[in-house]
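As structure tokens, the structure follows; a few thoughts come after it.
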Amino acid sequence: MFAICNLSIIPLRAEPSDRSEIVSQVLYGEHFEITATQNQWSKIKLQYDGYEGWVDSKQYLVISEKSFNDLSEDAIILNSDLVEYVTNASNVYLPITLGASLSFLSHSEINTANFEFEGMRVSGVKSKLDLISTSFMYLNAPYLWGGKTPFGIDCSGFTQMVYKLNGYKLLRDASQQSTQGEALSFIEESEPGDLAFFDNEEGKIIHVGIIMEDNYIIHASGKVRIDRLDHLGIYNAEQNRHTHRLRVIKKII
Numbered sequence: 002m003f004a005i006c007n008l009s010i011i012p013l014r015a016e017p018s019d020r021s022e023i024v025s026q027v028l029y030g031e032h033f034e035i036t037a038t039q040n041q042w043s044k045i046k047l048q049y050d051g052y053e054g055w056v057d058s059k060q061y062l063v064i065s066e067k068s069f070n071d072l073s074e075d076a077i078i079l080n081s082d083l084v085e086y087v088t089n090a091s092n093v094y095l096p097i098t099l100g101a102s103l104s105f106l107s108h109s110e111i112n113t114a115n116f117e118f119e120g121m122r123v124s125g126v127k128s129k130l131d132l133i134s135t136s137f138m139y140l141n142a143p144y145l146w147g148g149k150t151p152f153g154i155d156c157s158g159f160t161q162m163v164y165k166l167n168g169y170k171l172l173r174d175a176s177q178q179s180t181q182g183e184a185l186s187f188i189e190e191s192e193p194g195d196l197a198f199f200d201n202e203e204g205k206i207i208h209v210g211i212i213m214e215d216n217y218i219i220h221a222s223g224k225v226r227i228d229r230l231d232h233l234g235i236y237n238a239e240q241n242r243h244t245h246r247l248r249v250i251k252k253i254i
């Protein structure tokens with residue numbers, strides 16, 4: 002079976018339970034394959050990045066395999082405002098967040114509620130320089146494990162969404178993203194928009210941020226914030242200490 006998220010934001014959980022950890026979120030308009038069901042729960046695989054988890058079966062709209070394939074071939078069109086809404090002739094309003102997918106609105110067999118969108122939208126590949134201006138839209142967003150919106154976001158959700166809004170595909174988790182792109186030997190070789198990854202004492206990649214000019218980095222830690230970056234890692238001037246240990250810098254674009 003195949004389906005699409007027809008609500009603003011739905012939680013993607015590790016296990017089929019309301020008490021289970023939220024590992025990510027599914028935003029309005031994202032489509033996916035249903036790979037298993039258990040009671041009121043469905044295990045899904047997102048088409049965009051292949052990420053898997055469990056969602057409540059009441060929180061999506063079933064679509065045909067043809068519609069799924071058509072959507073997968075369509076150009077990605079995203080809402081580029083912090084908050085917008087879709088509406089129809091019956092004056093039904095549905096709020097959507099930055100990065101919500103709008104491609105399906107032109108498919109009458111899916112958009113049976115005849116929703117329309119009149120806000121700002123973005124599509125296609127943008128300049129690498131645009132990554133930084135996009136990242137500022139999430140500035141001060143609170144940290145939320147599994148989050149993907151300006152109302153709550155985690156470190157890899159932040160980098161994935163910034164890249165997605167500019168037409169570039171990243172995987173979901175920091176450890177997955179660290180397998181992409183070309184490794185750089187020194188910070189001095191990096192450009193604004195490159196990704197810096199950080200590890201723990203066991204050597205596992207646990208954090209990621211977007212490099213800015215003049216040895217600054219924007220990343221989600223407590224909130225989306227800007228800190229200094231040096232060869233040791235992230236230096237938080239407020240705490241007067243390094244908070245994350247640098248592992249590798251990757252050039253994705």
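Residue 97 in the working numbering is what sits at position 96 of the sequence shown, and the numbering runs on without skipping anything. Note that CB positions come from ideal geometry on N, CA and C, so glycine has one too.
Would you tell me roughly how many angstroms separate the C-alpha atoms of residue i and residue j, rounded to the nearest one?
i: N216; j: I188; result: 8 Å
i: N70; j: A238; result: 49 Å
i: A90; j: F118; result: 12 Å
i: D195; j: I133; result: 10 Å
i: P17; j: V63; result: 19 Å
i: Q181; j: I253; result: 7 Å
i: S191; j: L230; result: 12 Å
i: L72; j: H108; result: 9 Å
i: S68; j: V209; result: 35 Å
i: T244; j: D228; result: 10 Å
i: I10; j: K127; result: 25 Å
i: N92; j: E85; result: 15 Å
i: I96; j: V87; result: In the sequence as presented, Ile is not what sits at residue 96; that position holds Pro. Cα-Cα distance, rounded: 7 Å.
i: Y52; j: S21; result: 17 Å
i: L103; j: L83; result: 14 Å
i: Y49; j: Y164; result: 13 Å
i: I111; j: V56; result: 20 Å
i: G30; j: N241; result: 42 Å
i: E74; j: R246; result: 40 Å
i: G204; j: F116; result: 47 Å
i: Y236; j: H220; result: 12 Å
i: L166; j: H32; result: 17 Å
i: G125; j: I5; result: 21 Å
Output yes or no for whether 7 Å exceeds the beta carbon distance between residue i and residue j.
i: K44; j: E34; result: no
i: F198; j: G234; result: no
i: I212; j: I206; result: no
i: F114; j: V225; result: Note that residue 114 is Ala in the sequence shown here, rather than Phe. Contact flag unset, no.
i: E66; j: F3; result: yes
i: I154; j: G147; result: no
i: T135; j: T98; result: no
i: Q178; j: L171; result: yes
With residue i as the anchor, note down where its alpha helix (DSSP H) starts and where it stops.
i: S124; result: First-last for S124: R122 to S124, but that is the beta strand (DSSP E), not the alpha helix (DSSP H).
i: I133; result: D131 to S136
i: Y164; result: C156 to L166
i: S176; result: A175 to Q178
Am I right that residue i and residue j are in contact with their C-beta atoms under 8 Å? What's the rounded C-beta distance?
i: G120; j: L28; result: Contact flag wrong, Cβ pair sits at about 15 Å.
i: Y169; j: S222; result: At roughly 23 Å, the Cβ-Cβ gap does not stay under 8 Å, so Y169 and S222 are not in contact.
i: S81; j: V123; result: 4 Å
i: L8; j: Q60; result: 6 Å
i: L13; j: G54; result: 4 Å
i: T36; j: S58; result: Wrong, their Cβ atoms sit about 13 Å apart, outside the cutoff.
i: P193; j: L140; result: About 15 Å; that fails the 8 Å criterion.
First and last residue of the beta strand (DSSP E) that includes residue i?
i: G54; result: E53 to D57
i: N237; result: G234 to N237
i: D71; result: Counting along the chain, D71 falls outside any beta strand (DSSP E), though it belongs to the alpha helix (DSSP H) covering E66 to E74.
i: D228; result: K224 to L230
i: G210; result: I206 to I212
i: N80; result: I78 to N80
i: L185; result: E183 to L185
i: D200; result: L196 to D200
i: R14; result: I10 to R14
i: K337; result: The structure shown does not extend to residue 337, since the chain spans only 2 to 254, so no value can be given for it.
i: I254; result: Taken as a continuous stretch (DSSP letters only), I254 belongs to no beta strand (DSSP E), as it is neither H nor E.
Cβ contact check for the region 150-168 and the region 10-30: 3 or more pairs under 8 Å: yes
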